[in-house]
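Before any comments, here is the structure.
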Amino acid sequence: MFSNVKKKSIGYKRNLQQQIRKDLKSFNMKISIAIALVISTSYLSTAQTLGKALSRGKELTTSSTSKGSLTNDEVVSGLREALTTGAKSAASSASLLDGFYKNQKIFIPWPPEANEMKSKLVSLGMQTQITKFEESVNRAAEEAAKSAYDIFASAVTGMSVGDGFAILNGSDTAATHYLRDKTTPQLTEKFKPIVKAAMDKVKVTEYWNPLVTKYNKIPLVKKQNPDLEAYVTAKAINGLMLLISEQEAKIRKDPAAQVTALLQKVFGKR
31 MFSNVKKKSI GYKRNLQQQI RKDLKSFNMK ISIAIALVIS TSYLSTAQTL GKALSRGKEL
91 TTSSTSKGSL TNDEVVSGLR EALTTGAKSA ASSASLLDGF YKNQKIFIPW PPEANEMKSK
151 LVSLGMQTQI TKFEESVNRA AEEAAKSAYD IFASAVTGMS VGDGFAILNG SDTAATHYLR
211 DKTTPQLTEK FKPIVKAAMD KVKVTEYWNP LVTKYNKIPL VKKQNPDLEA YVTAKAINGL
271 MLLISEQEAK IRKDPAAQVT ALLQKVFGKR
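Quick note on the numbering used here: the sequence shown kicks off at 31 and runs consecutively.
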């Protein structure tokens, strides 16, 4: 009887060991599967990220190639050429008869700081003289525009440009804005004597002096003596800049305006 009990105990123990081994084997398999899943998921995520990076790199390479692998120096040269081309066109059109006077975009009006004076003179029946004065300052600007190209071209050449791509990828008039921002003081200094000579040539003061003299004799009014040379110079430069900006926008958008190989390379197919 004792022998039978012992045999049963041994059998039970053997079965228990087999079950434990089986359970351990099953547990190890589950652990292995879990580890494999983690590894495969991580690999898939890494592969997807790498694939996206490679795809983006290919896009950038293709984009660079399609633009002819432009260098910053080429872009800067292209921007300068666009501005000098614009300056030539602006000076040419503005220097024509009525280039300022009949172009409402750049017409030079009566000095705004003297509007009170203008209103008073109109009430005194001097509208005709006022109109003649306004015509004279616009004729002076047209005369000065004949010499504008060399001054503007020199300013463009001497202008320091760091990141040409930032300007190239900016607005349609970004280069003109940069030119205005960087060179207006120098342009004013060089252009003012030309404007003065033009004003003398068309006799602006002959139209202005009777008006200001008449007004300043009126009792209790604030005496007027605006700096006409500074005013006409500033307005003439602003007008020319506007015309340059229009030409820049045209060069950026219209292949027919990209008249040189460099302009075509920098601005073409954008």
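Ideal placement from N, C-alpha and C gives every residue a C-beta, glycine not left out.
The structure displayed is predicted, hence computed values, not measured ones.
- Item | Expected contact under 8 Å - CB spacing of L241 and L151 to nearest Å | With 8 Å as the limit, L241 and L151 qualify as a contact, their Cβ atoms being about 6 Å apart.
- Item | 4 or more residues per run - each alpha helix (DSSP H) lying fully within the region 138–198 | Taking only runs of at least 4 residues, the alpha helix (DSSP H) segments lying wholly in the region 138–198 are 145–153, 157–175, 178–188 and 194–198.
- Query: If you follow the alpha helix (DSSP H) that Y237 is part of, which residue opens it and which one closes it?
  - Reply: Looking at the DSSP string, the run of the alpha helix (DSSP H) that includes Y237 is V234 to N246.
- Task: On a CA-only basis, which of N246, D230 and K176 is nearest E259? Give me that one, please.
- Result: Nearest of N246, D230 and K176 to E259, Cα basis: D230.
- Query: K231 by DSSP, collapsed to three states: which one?
  - Reply: Here K231 sits in helix by DSSP.
- Query: Does DSSP put S85 in a helix, in a strand, or in coil?
  - Reply: The predicted model places S85 with a pLDDT of 49, which falls under 50 and marks its position as unreliable; any figure quoted below should be read in that light. S85 falls in the helix class under three-state DSSP.
- Counting pairs of Cβ atoms below 8 Å between the region 219–229 and the region 171–182, do you hit three or more? The region 219–229 vs the region 171–182: in contact.
- Among Y245, A185 and S166, which residue has its Cα nearest to the Cα of V234? Here the closest residue by C-alpha is S166.
- Query: In angstroms, rounded to a whole number, what distance separates the CA positions of N102 and M147?
  - Reply: So the alpha carbons of these two residues sit roughly 52 Å apart.
- Message: Considering only their Cβ atoms, is the gap separating A112 from I281 smaller than 9 Å?
- Response: It is a contact, given that the beta carbons lie within the stated cut-off.
- Beta-carbon proximity list for A279, same chain, < 7 Å, skipping 5 on both sides: Excluding sequence neighbours, A279 sits near D202 and T203.
- May I have the straight-line CA-CA distance separating H207 from S275, to the nearest angstrom? Cα to Cα, the separation comes out at about 8 Å.
- Task: Give the range of the alpha helix (DSSP H) segment to which N313 is assigned.
- Result: Any property of residue 313 remains undetermined from this structure, which presents the chain solely from 31 to 300.
- Task: Locate the alpha helix (DSSP H) running through I274, then write down its first and last residues.
- Result: From DSSP, the alpha helix (DSSP H) with I274 extends over L258 to K283.
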